Amino acid sequence: MAVAHDEATMELIKTRLSHSERPLIRLMRSFYKLTMISTGTVEDERTAEELKIAHMNFLLDLRQLVRTLKELKGTRAVELNRSESLQLEIERVRLEEQALDEKLKIKNLESQLDQARRDRKNKMQYEEIGKEVRRFSDRFQSADRINGLAREIESLLEEQGFYAERWASRRAQFDTVISNLEVLQESIKEEKADADRKKALNDDESDDGNIAEEGAEATTATKPVGAEEIETSMDGQEETPTQVGSQLQAPGRISNNGLNPHADSFVPPTGEPQHLQRMSDASDDKMKIDGEPENLNQNASQGTHNSSELVMKPDQHAMEIDGFEPQTSHSVEGSNEDGLVIEEATMEDGEEIEEAEEGEEMEDQA
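Note that UniProt numbering has the sequence shown beginning at 1, numbered continuously upward.
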C-alpha cells in the first residue's frame with residue numbers, strides 16, 4: 001500500500017539520503033587510491049607501506065559507511081514509522097470525519113426518502129380526493145345551483161298557494177252548486193206538489209160549480225121569485241136569500257160554508273177564474289227564477305209559498321247547469337200542463353245531482 005507523504009516528509013527523506021552519500025563517496029575514493037598503487041621493484045617497501053595505509057583507510061571508510069548505514073537505517077525507520085503513524089492518524093481522523101459526514105448524509109438521505117414516501121402517499125391520497133372533488137362542481141356553481149333551487153322552491157310555493165286558493169274557490173263554488181241544486185230540487189218538488197194541489201183544487205172547484213148550478217136551477221123552479229124566508233147555513237147561522245146570493249155573486253170569492261142548494265140563482269164570477277189566476281201566479285213564480293235572482297233572498301226570508309224561488313249567495317255568480325234550462329214565461333203561459341214541465345225538469349235535475357254526488361265521492365277518495 002503506497003503511502004502518500006507531504007512535501008516536508010519528502011524533503012526530510014531527501015536530506016537524509018544526501019547525507020548518507022558522503023561515506024560512500026569517501027569509500028570509493030579510498031578504493032581508487034588502493035587500486036592505483038603501482039607494484040614496482042625499486043620502491044617495494046614504500047609501495048607496500050602505502051598499500052597497507054591505503055588498505056587501512058579503505059577499511060576505515062568501509063566501516064564508517066557500514067556504521068553510518070546502520071545508524072541512518074534505524075533513524076530512517078523511526079522517522080518513517082513516526083511520519084507514517086502521523087499520516088495514519090491524520091488519515092484516521094479524516095476517515096472518521098468522512099464516515100461521520102457519510103453517516104449524516106445517510107441520515108439525511110433516509111429522511112429525504114421518508115419524506116419522499118410520505119409525499120408520494122399524500123400525493124396518492126390527494127389524487128383520490130381530487131377525483132372525488134372533481135366529481136362535484138365548484139362552490140360558485142354550487143352557489144348558483146342552490147340559488148336556482150331556492151328560486152324554484154319559492155315559485156313552487158307561490159304556485160302551491162295559487163292552486164290552493166283556486167282549489168278552495170272551486171270547492172266553494174262546487175258546494176254552492178250542490179246547495180243550489182238541493183234547493184232547486186226541493187223547490188221543484190214543492191212546485192210539483194203545488195201544481196198537483198192546484199190541479200186538484202181546480203177540479204174540485206169545477207165540480208162544485210156544476211153542482212151549484214144544478215142546485216140553483218132546481219131552487220128557482222120550486223120557489224117563487226122575491227120570497228123571503230130564512231135559510232139555515234151549513235154552520236147553523238141564519239141567512240137571508242139575498243145574503244146567500246151575495247156570497248155566490250162575489251167575484252173570485254170562495255165560500256167557507258159551501259154552496260147553498262136553495263139559492264134563488266147562481267151568478268158566475270165576472271172576474272178572472274181562480275184557477276186561471278193561480279196558474280198565472282205559478283207562471284209568475286217561474287219567471288222570477290229566470291229573470292229576478294236578486295229578489296230570491298227577500299222572498300225566502302218572508303216565508304211565502306212560492307217554493308220555486310232560489311236562495312243565492314250575493315258573492316257568488318249564478319252557476320250554469322248543463323242539461324237544465326229554466327222555463328220561461330212564454331212556455332208556461334202557452335201551456336196549462338204545468339205538471340209535465342215540472343216533472344221533466346225534476347228528472348234532469350236529478351241526473352245533475354247524481355253527477356255532483358259522484359264528483360264529491362271522487363274528491364273524498366282523492
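Backbone N, C-alpha and C fix where the C-beta goes; we use that ideal spot for every residue, glycine too. None of the values given here were measured: they were computed from a predicted structure.
Three or more beta-carbon pairs drawn from the stretch 60-68 and the stretch 25-33 are found closer than 8 Å, and the two stretches are therefore classed as touching. By the neighbour-count criterion, in which 16 or more other beta carbons inside 10 Å mark a residue as buried, Asp61 falls on the buried side. Leu59 sits away from Ile37, with the two beta carbons spaced by 8 Å or more. By the 16-neighbour rule on beta-carbons within 10 angstroms, Ser30 is buried. Inclusion of Leu34 and Ala54 in the CB contact set at 8 Å is warranted, their separation being smaller than that value. Gln185 sits close to Ile353, with the two beta carbons spaced by under 8 Å.
Assigned with DSSP and collapsed to three states, Phe136 falls in coil, not helix or strand. The beta-carbon distance between Val177 and Ala356, rounded to whole angstroms, is 7 Å. This is short enough to meet the 8 Å contact definition. With respect to the C-alpha of Asn57, the residue from Asn81, Lys70, Tyr32 having the closest C-alpha is Tyr32.
Less than 8 Å separates the beta-carbon of Thr9 from that of Ser83. The alpha carbon of Glu7 has as its nearest neighbour, out of Glu165, Val78, Gln87, the alpha carbon of Gln87. As the crow flies, the alpha-carbon of Ile188 is around 12 Å from that of Asp196.
Burial check for Leu181: the Cβ neighbour count within 10 Å reaches 16 or more, so the residue is buried. Rounded to the nearest whole angstrom, the C-alpha separation of Arg92 and Asn81 is 16 Å. Closest in alpha carbon position to Glu360, among Arg170, Glu205, Glu214, Asn210, is Arg170. Assigned with DSSP and collapsed to three states, Ile37 falls in coil, not helix or strand.
Around the CB of Glu191, 16 or more other CB atoms lie within 10 Å, so the residue is classed as buried.
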